[in-house]
Structures are given as C-alpha cells and as structure tokens.
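2 protein chains.
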Amino acid sequence: MMELTRKGEYAIRGIIYLAQQPPGRVSLISEIAAAAEVPQTFLAKIFQSFAKLGLVTSSRGTGGGFVLARPASAITLREVVEAVEGPILPNRCLLGSACDRGGPCRVHGIWKQVQTEVVHILDEVTIESLARSQDT
Amino acid sequence: MMELTRKGEYAIRGIIYLAQQPPGRVSLISEIAAAAEVPQTFLAKIFQSFAKLGLVTSSRGTGGGFVLARPASAITLREVVEAVEGPILPNRCLLGSACDRGGPCRVHGIWKQVQTEVVHILDEVTIESLARSQDT
DNA sequence: CCCTTTAGGACCAATTTGATCTTCTTTATA
DNA sequence: TATAAAGAAGATCAAATTGGTCCTAAAGGG
Numbered sequence: 491m492m493e494l495t496r497k498g499e500y501a502i503r504g505i506i507y508l509a510q511q512p513p514g515r516v517s518l519i520s521e522i523a524a525a526a527e528v529p530q531t532f533l534a535k536i537f538q539s540f541a542k543l544g545l546v547t548s549s550r551g552t553g554g555g556f557v558l559a560r561p562a563s564a565i566t567l568r569e570v571v572e573a574v575e576g577p578i579l580p581n582r583c584l585l586g587s588a589c590d591r592g593g594p595c596r597v598h599g600i601w602k603q604v605q606t607e608v609v610h611i612l613d614e615v616t617i618e619s620l621a622r623s624q625d626t
Numbered sequence: 491m492m493e494l495t496r497k498g499e500y501a502i503r504g505i506i507y508l509a510q511q512p513p514g515r516v517s518l519i520s521e522i523a524a525a526a527e528v529p530q531t532f533l534a535k536i537f538q539s540f541a542k543l544g545l546v547t548s549s550r551g552t553g554g555g556f557v558l559a560r561p562a563s564a565i566t567l568r569e570v571v572e573a574v575e576g577p578i579l580p581n582r583c584l585l586g587s588a589c590d591r592g593g594p595c596r597v598h599g600i601w602k603q604v605q606t607e608v609v610h611i612l613d614e615v616t617i618e619s620l621a622r623s624q625d626t
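Protein sequences, first through last, are from chains A and B. Heads up: the first sequence begins at 491 in the working numbering, then just goes up one per residue. Heads up: the second sequence begins at 491 in the working numbering, then just goes up one per residue.
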C-alpha cells in the first residue's frame, strides 16, 4: 500500500542530479536521463511537469536544457513528489466532505491525520539535503 | 498519491459492520454486503482474506457465516488495511536494502520515516473505536 | 534557414483494479 | 442420507492506471 510509482522515483533521481550541478549550469534531458538511469522520453515528460509548476526552468534550442528555478534548498521533496504523483491523499474522501453516504465516514479523521503527517515529513526534506547526502 | 483502493474501503466498511453486531452473532456475507453497500462477491473475497489472517472466523453450511475472531478492540485498522492492500510500503526499496544501484538510496531513510509514522497511526486505531464513532 | 533542444499530444503494452461466474467443499437438518 | 445453505477457490473479464514510445510542432542559436 501507498507505493511511490516509477514516475516518482525517476522524478526524485532526476532533480537530485540537477541539484548536484554547479548552480546555473544548464543540463540536457539526455544527460540527466543517462546519469539518473531513466528512460529519456519518460523523464522528459516528468521535467515538463516540473517546468509547469516552476520547479525548473527550461530553454529550447542550442544551449538549451534545464536548470533549477530556485535554490535546491528551497525545493522540497513534497513538491517534487506531488508534481508527478498528484496530491498526497490517502483516501479519496479527503477531497469532498460527504463520503459515507451522508456525512463524513468514520475513518475520515484518521486519513486526515495520515495525510498531515506524511505531508509534514516530506515538507521538511529539501532537494539540497538529498543531493548532499551520502557523498562520503 | 498513496490512495486506498475500493478493496480497502470495502474491507473497513465490512468489518465495522461485523463489529457492530452483538458479540458472537454470525453474519452472512450477503447481509454484510447489503449493509455496507458493497458488491457481495467482491466482499466475499475480502472476508476470505480476513479469515486466512485470523481476523474473522468463518463457518460453512446452514447457520454459517462470519464472526470476529477477536474482540473489536483487539483488531487494528492497520491489520484490516494490510490484510487486503498488503504491507504499508511507501517505496519498494524498503523491502530490499540496495536500491540505488549499490547501497541504499538517498530517500531511503525518508520513506522509512513515512512508513513508521503511518503504521503507528493505523496501529492506534481499533475497529471497536471506529464502530462506536459517530453514533450520536 | 538549418540544427538543436524542449513541448505536447497520440498512441501502445503491461499491470493492477474491480469485479463476476462457476465449481467445489463443508455443515446442519429434515 | 438427501438436500439445501453457506463459504472457498479459481478462472475469467472489463476498465483504469502505469510505464513507456513516437511523432510533430515550436523555439532559439549560428
């Protein structure tokens, strides 16, 4: 239950690579894909999502590519995950209010609690910290 | 991300109904399905999982049906969810150790944290408390 | 105008989800 | 000992999601 999909994994690997580049350096999608060992066309889609949400900036043509739109320390793991997997939502019923055929269901509060906790954990993790980790 | 499936929802609704019956009372799957508003054949499969894991006891033949195998206060939401959705596992890599092509990945610790938190929340919720809630 | 590089959409195979159906096996009781 | 009333188990199936590919367009640089 609750598994991250490949898309999520790839997203994380890809943006970590970007964060490890010298600030301002433009990276090609082909380069990122090779480094992160992710299918290139698939990663391209993922980075398009990043661009739309303003996590990275993209430029086309010769010399084009991707750069982080903000310092890696200002991008959270939650943003990256939600960019490709959608909002963290342990139960559909957290969207609307009436889930138990009239009135919120008995488990509503529990799922809300789970959501809050998970969001909190992922909000505290920056891509910068991930990029730094384990380079020992 | 992290959504409970129908199966999980049905499982919870079904076992809550059982928990609301007078202790020891045998319920037919048809009765539970009707009360929980769940497709009967699908719910039957779910209860077979419960039985295999010892959450409920089943008996066949005339007068047969399902009863909780333990007091509702001794069955946790975690057990019910994991019975049908499998273990709470935010990332596949939590199963094996080497996930980042040699050595644990950079996010490994984070997912471990998420898993621990979610498991903890769901472990604290008993079916008894859910069955009682909102009968005001 | 050509080459490079991302953007966007169509498309596709494999897997998972959400179920149904059929055929047992077990059990009570008439 | 029939027989009807359950649940057990497995095959099957449609729809949705996942995990991708491919092609054409658009944008920038030389």
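Positions of the beta carbon are idealized from the N, C-alpha and C atoms, including for glycine.
Of all residues in the segment 561-573 of chain A, those with a C-beta nearer than 8 angstroms to a C-beta of chain B are Leu567, Val571 and Glu572, reading in chain order. For Thr547(B), the enclosing beta strand (DSSP E) covers residues Val546 to Ser549.
Counting along the chain, the unbroken beta strand (DSSP E) around Leu558(B) starts and ends at Gly555 to Leu558.
Annotation: the continuous alpha helix (DSSP H) that includes Thr606(A) extends over His598 to Asp613. By the criterion of a C-beta distance shorter than 8 angstroms, Glu572(A) is surrounded in its chain by Ile578, once the five residues flanking it on both sides are discounted. Within chain A, the residues whose beta carbon sits less than 7 angstroms from that of Val604(B) are Val608 and Ile611, listed in sequence order. Neighbours of Gly576(B) in chain A, taken as residues at a C-beta separation under 7 angstroms, are given in chain order as Met491. Judged by DSSP in its simplified three-state form, Thr531(B) adopts helix. Taking 8 angstroms as the cut-off, the Cβ atoms of Val570(A) and Ile519(A) do not count as close. Distance check between Pro513(B) and each of Ala501(B), Gly504(B), Ser539(B) and Leu558(B) places Leu558(B) closest, using alpha-carbon atoms only.
One finds Ile600 in chain A with Cβ atoms closer than 7 angstroms to the Cβ of Val615(B), taken in chain order. Residues of chain B whose Cβ lies closer than 7 angstroms to the Cβ of Leu494(A) are, in chain order, Pro580 and Asn581. Its Cα nearest to that of Lys602(A), the residue Val608(B) stands out among Ile505(B), Val608(B) and Asn581(B). Judged by DSSP secondary structure, Val570(A) falls within the alpha helix (DSSP H) whose first and last residues are Leu567 to Glu575.
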